[in-house]
Every structure is written in C-alpha cells, then in structure tokens.
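Engineer:
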Amino acid sequence: MSATDVPVHLGLGGRVAGQFEARPWPRRLAQLAVRYTAVAGAVALAVARRRQLEAMLPAVAIMAMVMLSVTLVGLAVRRARVTVEAGGVRWGWSWLGVRMDRDRLRGVAIYRDAIALVPRRGSTWFLSARDWDRFDALARAVARAGLPVETHDRDAPWRARLQSYGRVLDGLLIAAMVGATVLIAVAATAR
Numbered sequence: 002m003s004a005t006d007v008p009v010h011l012g013l014g015g016r017v018a019g020q021f022e023a024r025p026w027p028r029r030l031a032q033l034a035v036r037y038t039a040v041a042g043a044v045a046l047a048v049a050r051r052r053q054l055e056a057m058l059p060a061v062a063i064m065a066m067v068m069l070s071v072t073l074v075g076l077a078v079r080r081a082r083v084t085v086e087a088g089g090v091r092w093g094w095s096w097l098g099v100r101m102d103r104d105r106l107r108g109v110a111i112y113r114d115a116i117a118l119v120p121r122r123g124s125t126w127f128l129s130a131r132d133w134d135r136f137d138a139l140a141r142a143v144a145r146a147g148l149p150v151e152t153h154d155r156d157a158p159w160r161a162r163l164q165s166y167g168r169v170l171d172g173l174l175i176a177a178m179v180g181a182t183v184l185i186a187v188a189a190t191a192r
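In case it helps, this note's numbering puts the sequence shown at residues 2 to 192.
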C-alpha cells in the first residue's frame, strides 16, 4: 500500500466485487467520541474562563484540541471503506485512498480471522475480521474478484493479529474521552 489512488467512482480498477465498511459499534464509538470530546473541551474552556484561570486557558485549549483531533482521525479511519475488484484492493474514502494493485500482489492468504495481502515487495497488508463488517463476504469477494487466493483453515499468525488496528484505535478514542473528562476536572479544581 504505497500509492494514492483515484476515486472509486471513476471506474479505473474494474468491476467492484464488494465494498466493505467498519463494524457498526466501532463506527458509533468514533462518532460518540468526537461529540463527547468537542462538548467536554468546550465545557473545560468555559469552566477555565469562568474561574478566571487566564494562565491555564491556553493549555486547556490546546489539550481540548488534541483530544478532539485524536477522535476526528479515529472517525475518519472508521469511515474508510475497503473495495475489492479484479484490479486489486483499495482502502480509503471516495475522494482519497490507497491501493494494492493485482500486479503488486504475490498472493492473498485468507484465514478464519484475517486476510493477508502479500505484495511482491514491501510489507503485507492485513484486514482483520474484528475491524471489518461482513468479513465472510469480504473473503468471498476477494476470491470472486479473481485475485490469487490461498485459503487456510486456521487463525491468522500472531504478527497479522498485531497489525489489526481496531482495538488500539478504540482504546485511543476511549482514552481521548477520559482525557477530556480529566481536563474538565482539572479546570474545575485548579487554583
């Protein structure tokens, strides 16, 4: 995954075998985290301003923006889609994405809980079942697209599971919400 790609609707990759999005709960968590950190940041700023903590106001504003930025990136990642077509696999949004072209692929290993796109050069790209909704349909779409598939009746290797970003991303979103809550507490109790 090293090249930027054209939008999917231009149709340069071939017939789409399937398009997949993140699971519903992580998408809702990302939306909640953005809303929560935006409101909590505004509350922390209002509390600091009301208590006339002028020296603390810039730090509260910066921390509120950091928390909101983390959640906005999380939301953007959760809104990305995986598109499978005969020309390869694309990850991204309608206006920007990255692509693993068919000619770059040495093979695609399908495990019970992940799909590994193995390029001729570079690092392997893993799509984890816990990150993508309708994972069984995603695995079928890869095979239906005519990509060079090898099926394994076992879980993905440990290194593949380490590259699954879902749990880490969810943890960052929760940590940002906790951080925004702590920011309110600091603004309310500082002297």
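Cβ coordinates follow ideal geometry from the N, Cα and C atoms, glycine included.
(1) Please report the straight-line C-alpha distance between T38 and A65, rounded to a whole angstrom.
(2) State buried or exposed for A221, treating a residue as buried only when at least 16 other CB atoms are found within 10 Å of its CB.
(3) Is the beta carbon of I116 closer than 8 angstroms to that of A140?
(4) For A77, count the other beta carbons within 10 Å of its own beta carbon; 16 or more makes it buried, fewer makes it exposed. Which is it?
(5) Since R107 and V119 should fall inside the 8 angstroms C-beta cutoff, what is the C-beta to C-beta distance between them, to a whole number of angstroms?
(6) Among residues of its own chain, excluding the 5 on either side of V44, which ones have a beta-carbon nearer than 7 angstroms to its beta-carbon?
(7) Checking 8 angstroms against the spacing of the C-beta atoms, do R51 and W133 come in under that value?
(8) Rounding to the nearest angstrom, what Cα-Cα distance links E151 and D171 in this structure?
(9) If distances are taken between C-alpha atoms only, which option among L128, M178 and A189 comes closest to A161?
(10) DSSP three-state label for D137, please.
(11) Would you report the Cα separation of Q53 and V187, rounded to the nearest angstrom?
(12) Can you tell me the Cβ-Cβ gap for G180 and M101, rounded? I've got them flagged as a contact below 8 angstroms.
(13) Could you give the first and the last residue of the continuous alpha helix (DSSP H) run that contains G42?
(14) Is T152 helix, strand or coil by DSSP?
(15) If we ignore side chains and look at the alpha-carbon of each, how far apart do W92 and S165 end up?
(16) Taking all protein chains shown into account, decide if W126 is buried (16 or more other Cβ within 10 angstroms of its Cβ) or exposed.
(17) Which first and last residues belong to the beta strand (DSSP E) in which R82 is found?
(18) I'd like to know whether the C-beta atoms of P27 and R79 end up nearer to each other than 8 angstroms.
Structural biologist: So, from the listed chains and residues:
(1) 7 angstroms
(2) It is not possible to answer for residue 221, since the shown part of the chain is limited to 2 through 192.
(3) yes
(4) exposed
(5) 5 angstroms
(6) I185
(7) no
(8) 31 angstroms
(9) L128
(10) helix
(11) 14 angstroms
(12) About 35 angstroms; that fails the 8 angstroms criterion.
(13) P25 to R51
(14) strand
(15) 14 angstroms
(16) buried
(17) R82 to E86
(18) yes
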